[in-house]
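Basically our numbering = 1-based index in the sequence shown + 906.
Report on the structure given below.
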Amino acid sequence: MLFADIDLLDENLDFRSHCWVGVRDGRVAYVGDAAPAGEEAARYGEVYDGRGKLLCPAFYNAHAHAPMTLLRGYAENLPLQAWLNDMVFPFEAKITPEDCYWGTLLSCAEMARYGCVSFSDMYYHMEEGARAALDAGIKMNLSDSLLAFNGEGLDDLPVKGNLDRLIRDVQGAGDGRIVVDCNIHAEYTSNPRAVAYLAAYAKEHGLRLQVHVSETQNEQETCLEKYGLTPAQLLDVYHVWDTRALAAHCVWLTDEDMDLFARRGVTAVHCPNSNLKLASGIAPVRKMMDKGMNVALGTDGVSSSNNTDLFEAVKLAALLSNGSTLDPTSLTAQEALKLATVNGAKAQGRENECGVIAPGMDADLIMLDFAQPHLIPCHNPISNLVYAASGHDVRMTMVRGKILYEDGHYTTIDLDHVLREFHDYVIPLMFGNDGKEQPNG
């Protein structure tokens, strides 16, 4: 495909107008201020009239729990521990592999609709999550959740066998679209023995590690009282940060924690929607970046964010940073976009293949229609993109040159079928025929 006369954000996320972008064999093959010369243009096939459109690098969701589409609107107005222990964990004890498949597939449809092409997932039954991502055509860094409350070692828990199977069966599937990570749910839900074993497993197999860190003040203070160390510092004792890791939330990190993460190359994943809804606090994004940390964005699960629209997270990240620091330049619009694009790809270990629009990179692209009332006038396209646009403005989502979504239509997902499975099978099974949770499942 050749996008003709289209505006774009280039490899530096700078705005360029009236460009031509050629996509061939799944990659960006041409970016120029004029059409490719001679017969070269014909090699791209279809020519797309880009006038009035903006072409952007796609978004990367660095922290999600995709099957939790099942819990959208289910556990509202609760603090984190009550939300987890009273509502979420009891539900998750009942979830089946088939539920996870349909929940993940619906999440993939939603993310593609909103311009997200890859997500880092923590959940269960990850074979089914991988199957859904492969069917949808999306990229996925999956991780099977470790919960270990009672002194178990890794060999005593199902996660060890699950990881062995995932590495054998799905690692690198879809020409590398599927990546297997390790996962520790959190310091407070996992005993030190299991944490140390899993950290060693991740290092031995060259896997990244996803973990929730310092999401709430209570988590931070309880760990300090119990061990004399913060969660970040305690997990370092067990060598969790010896491999490239994603630390979700990071709301209550100390300066020492940030210095540690910068040294260890840990990515902080900022989840502003979820943190605000659960009243967990506001992550110090500017300070983390100034310390040299990579900061990416995540939606968290839709039970705590209600949707997977990363445009919302981009806008909130900028507003919260500026408001909490009383500095209107604390996080610029361009920096906020970087969290969802370049930094997100880096968080997933995909920085050498995607995250920017440049020749040789995967054609992971989204196109927005800027000829909309709420985007006119356009004095500053990047500002409009961050502060005025939403995921609903996405007209096309492309992964490795394949269009997954365009103008209301999906090319890889039968959305009507997914919704029938939800309404006729999954929701009645999990919650009863009236759609409400049954006390005894």
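Virtual Cβ for every residue (Gly too), placed ideally from N, Cα, C.
Predicted model only: the values in this text are computed from it and were never measured.
C-alpha gap between residue i and residue j, whole angstroms
i, j, result
"V1119", "C1177", "12 Å"
"K1252", "A1102", "25 Å"
"A1138", "V1248", "24 Å"
"C962", "K1132", "47 Å"
"E1343", "G1078", "Note on E1343: pLDDT 47, under 50, position unreliable in the model; the coordinate value appears next. The straight-line gap from Cα to Cα measures roughly 37 Å."
"F1276", "R1099", "53 Å"
"E917", "V1262", "5 Å"
"L1152", "N1200", "10 Å"
"A1106", "D1142", "12 Å"
"L977", "V1065", "23 Å"
"H1031", "I1319", "20 Å"
"Y966", "Y1311", "16 Å"
"T1136", "M1028", "22 Å"
"L1130", "Y1094", "12 Å"
"L1226", "G944", "49 Å"
"E1257", "T1317", "26 Å"
"T975", "L1274", "25 Å"
"L1053", "Q1116", "13 Å"
"G1341", "E982", "The pLDDT assigned to G1341 is 49, lower than 50, so where the model puts this residue is not dependable; a value taken from the coordinates is nonetheless given after this. For G1341 and E982, the distance between alpha carbons rounds to 16 Å."
"D1161", "M1195", "12 Å"
"N1097", "L1140", "11 Å"
"C1156", "R949", "47 Å"
"V1175", "A1154", "5 Å"
"K1000", "E1034", "16 Å"
"S1013", "H1329", "15 Å"
"W1158", "P1190", "8 Å"
"W926", "V953", "10 Å"
"L914", "W989", "41 Å"
"G1297", "P1279", "15 Å"
Beta carbon proximity, residue i to chain C, threshold 9 Å
i, result
"S1013", "Reference to chain C is not applicable here, since this structure consists of a single protein chain."
Check whether residue i and residue j have beta carbons under 9 Å apart
i, j, result
"T1205", "A970", "yes"
"D992", "D955", "no"
"A964", "G928", "no"
"A972", "G938", "no"
"L1245", "A1202", "yes"
"R1083", "K1109", "no"
"R1150", "G1080", "no"
"F1125", "A1092", "Note on residue identity: the sequence assigns Glu, not Phe, to residue 1125. In this structure, A1092 lies closer than 9 Å to E1125 by Cβ."
"L1113", "C1088", "yes"
"V1086", "L1104", "no"
"G1207", "S1180", "yes"
"A968", "T1235", "no"
"D1299", "L1281", "yes"
Whole-Å CB distance - residue i paired with residue j, under 8 Å assumed
i, j, result
"N1047", "S1026", "4 Å"
"R1306", "D1268", "5 Å"
"E1127", "L986", "That belief does not hold up - the Cβ atoms of E1127 and L986 are roughly 14 Å apart, past 8 Å."
"L1011", "D1050", "Incorrect: roughly 18 Å between the Cβ atoms, too far for contact."
"L1266", "R933", "Inspection of the sequence shows that residue 1266 is occupied by Gly rather than by Leu. That pair is a contact at about 6 Å."
"Y980", "S1209", "6 Å"
Residue nearest to residue i in terms of C-alpha spacing, selected from the options
i, options, result
"R1071", "S1289, H1111, Y1094", "H1111"
"E1016", "Q1254, N1212, K1308", "N1212"
"G951", "P942, V1292, L908", "L908"
"K1193", "Q1278, D1330, A1168, G944", "A1168"
"G1198", "A1154, W926, G1171, T1160", "G1171"
"V1023", "D1313, D1163, G1250", "G1250"
"P1003", "A948, G1043, V1332", "V1332"
"L1222", "P1265, L1291, D1322", "L1291"
"E1327", "L1281, V1191, F1337, D1005", "D1005"
"L1216", "I1272, V953, I1188", "I1272"
"M1164", "N1179, D931, W1147", "W1147"
"R1019", "F1337, V1324, P1334, T1303", "T1303"
"L1243", "E1218, T1231, D1233, A1264", "E1218"
"D1313", "K959, W989, C925", "K959"
Could you tell me whether the stretch 986-1006 touches the stretch 930-946, using the rule of 3 or more Cβ pairs below 8 Å? no
Does the structure place the stretch 1277-1294 close enough to the stretch 1236-1243 that three or more beta carbon pairs sit under 8 Å? yes
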